[in-house]
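In what follows, a single structure is set out as structure tokens and then discussed.
Numbering (full-length UniProt numbering), first residue to last: 1 to 79.
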């Protein structure tokens, strides 16, 4: 085997190792992403979301009450 063939073989081996290494790193990164999502690592963000949902529910109720209390327009049919 001459030097050129050895160099090509070494280049192929290095490429294969790089592909496996990058694949391993990608898998570990995805594990971390899903681990963070499952472990709820952002409790203050979840509290903010719950508070926003609560306020949206209150706003929906207020709109329903306002629509109920509004005098009906005789030109418009009641649903």
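We treat Cβ as the ideally placed atom computed from N, Cα and C, and that holds for glycine.
Predicted model only: the values in this text are computed from it and were never measured.
For residue i, does the three-state DSSP call read helix, strand or coil?
i          : result
residue 24 : helix
residue 71 : coil
residue 2  : coil
residue 42 : coil
Taking only beta-carbon atoms, is residue i less than 8 angstroms away from chain D?
i          : result
residue 35 : Among the protein chains of the structure shown there is no chain D, as only one such chain exists.
To which residues of the same chain is residue i closer than 6 angstroms at the C-beta, ignoring the five residues directly before and after it?
i         : result
residue 4 : none
By Cβ distance below 8 angstroms, which residues in the same chain neighbour residue i in space, the five residues on each side in sequence not counted?
i          : result
residue 61 : none
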